[in-house]
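Data block below; observations after.
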Amino acid sequence: MTVPNPRYDGKPLLRLLELYVLWALDCLAEKDAKTLEKITPNLQSTYKRPGEWHEIIRSVMELPPNMPTLIQDMWQKNSEIARRNNATLTPQKFAEMFVDDNLIG
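If you want it as structure tokens, here you go:
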């Protein structure tokens, strides 16, 4: 059983943004990818936008078309900083930091 994470309480878009970052890094878990595929029609209906889930998120958030590349570049830089400091930076932790610092202000 999955324990609810209070990080997402009252913030339905927050997890989707983190999953967008993980998708951009090619680190999206298969389970999450399948869930996102299933909810895409709901996202299309809710946001009145066509396309795949990540295209809808990009559109709703008004992200630039090259956002995946920008995310990948920042991941590389932050991963190198973590390595130099003998720290571990997981894709999930990076996604949380990236979203908090760049997308939800």
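Take any residue in the sequence shown, count from 1 to its spot, add 46: that is its number in the working numbering. Glycine is no exception: its CB is placed at the ideal position from the N, C-alpha and C atoms. No experiment lies behind these values; they were computed from the predicted model shown.
TODO: Would you identify the three-state DSSP class for Lys-57, choosing helix, strand or coil?
DONE: The three-state secondary structure of Lys-57, taken from DSSP, is coil.
Task: Residues near Ser-105 by beta carbon distance below 6 Å, same chain, minus five either side - done: The beta carbon of Ser-105 lies closer than 6 Å to those of Arg-95 in the same chain, with the five residues before and after it left out.
Open item on the list: Using the three-state DSSP reduction, which class does Ile-150 fall into: helix, strand or coil?
Closed with: In the three-state reduction of the DSSP assignment, Ile-150 falls in the coil class, being assigned neither a helical nor a strand state.
Open item on the list: Here's a check: name, in chain order, each residue in its chain whose Cβ is nearer than 7 Å to the Cβ of Leu-135, leaving out the five neighbours to either side.
Closed with: Contacts found: Asn-124, Ser-125 and Ala-128.
Task: Outcome for Tyr-66 when other beta-carbon atoms lying within 10 angstroms are tallied against a minimum of 16 - done: Buried is the call here.
Task: Nearest neighbour of Ile-85, chosen from Leu-59, Met-107 and Gln-122 [CA to CA] - done: Among Leu-59, Met-107 and Gln-122, the Cα nearest to that of Ile-85 is on Leu-59.
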